[in-house]
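My numbering puts the first residue of the sequence shown at 2, with every later residue one more than the last.
Positions of the beta carbon are idealized from the N, C-alpha and C atoms, including for glycine.
Model, not experiment: these values are computed from the prediction.
See below for the structure under consideration.
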Amino acid sequence: MTLKNKLGAKSHEELEKAEGDYGTSRVWDFESKRRPQGQFDAAHLKAIHRQLFQDVYEWAGHTHDERVLVELNGVHPFREGNGRTQRVFITELATAAGHPLDFSCVSRERMIQASIAGNEKNDPAVLTGFEN
Numbered sequence: 002m003t004l005k006n007k008l009g010a011k012s013h014e015e016l017e018k019a020e021g022d023y024g025t026s027r028v029w030d031f032e033s034k035r036r037p038q039g040q041f042d043a044a045h046l047k048a049i050h051r052q053l054f055q056d057v058y059e060w061a062g063h064t065h066d067e068r069v070l071v072e073l074n075g076v077h078p079f080r081e082g083n084g085r086t087q088r089v090f091i092t093e094l095a096t097a098a099g100h101p102l103d104f105s106c107v108s109r110e111r112m113i114q115a116s117i118a119g120n121e122k123n124d125p126a127v128l129t130g131f132e133n
C-alpha cells in the first residue's frame with residue numbers, strides 16, 4: 002500500500018523515486034529565491050511543504066488533525082516530506098537570523114539516526130557528535 006498521490010504511483014519505491022525527482026526540482030525554487038515568505042510560524046511551515054510537494058500530493062501543505070505538544074520533528078505534521086520541509090524551514094530561519102546552515106555534510110542515514118535518537122531516546126548526540 003502506498004500514499005494517495007497525484008502521480009498514480011502504486012508502490013512505495015515508485016512513489017519515493019517520483020517524489021524525489023519532483024522534490025529536487027522544487028528545492029531549486031528555494032535556492033533561486035522563488036519561495037514562500039513568512040514569519041517562521043505554522044503557516045510558513047505549511048507553505049514550504051505545499052511548495053515542495055504540490056506536484057505529488059493533493060494534501061501538500063495540510064497537517065494531520067492530531068494535536069500533539071512535542072518538538073517539531075516529533076509532531077510529524079505531514080503524512081510525508083517532514084524532514085525535507087523541516088530542513089528548508091530551519092535553513093530559512095537560520096539565514097534570516099544571520100546564521101546560514103549547510104546540511105550537505107550530513108548524510109541521509111545520519112539524519113535518520115539523529116531523528117530516531119532524538120525522538121525515541123531524547124538524545125541529540127548522534128547529530129552533534131557528542132556522547133551523553
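For Asp30, the enclosing alpha helix (DSSP H) stretches over residues 13–32.
If the five residues before and after Thr3 are omitted, its C-beta is found closer than 7 Å to the C-beta atoms of Ala10, Lys11, Ser12, His13, Leu16, all from its own chain and listed in chain order. Secondary structure of Met112 (DSSP, three-state): helix. In the three-state DSSP reduction, Asn123 falls in the coil class, being neither helix nor strand. The stretch 50–69 makes contact with the stretch 79–89, as at least three CB pairs between them are under 8 Å.
His65 sits close to His77, with the two beta carbons spaced by under 9 Å.
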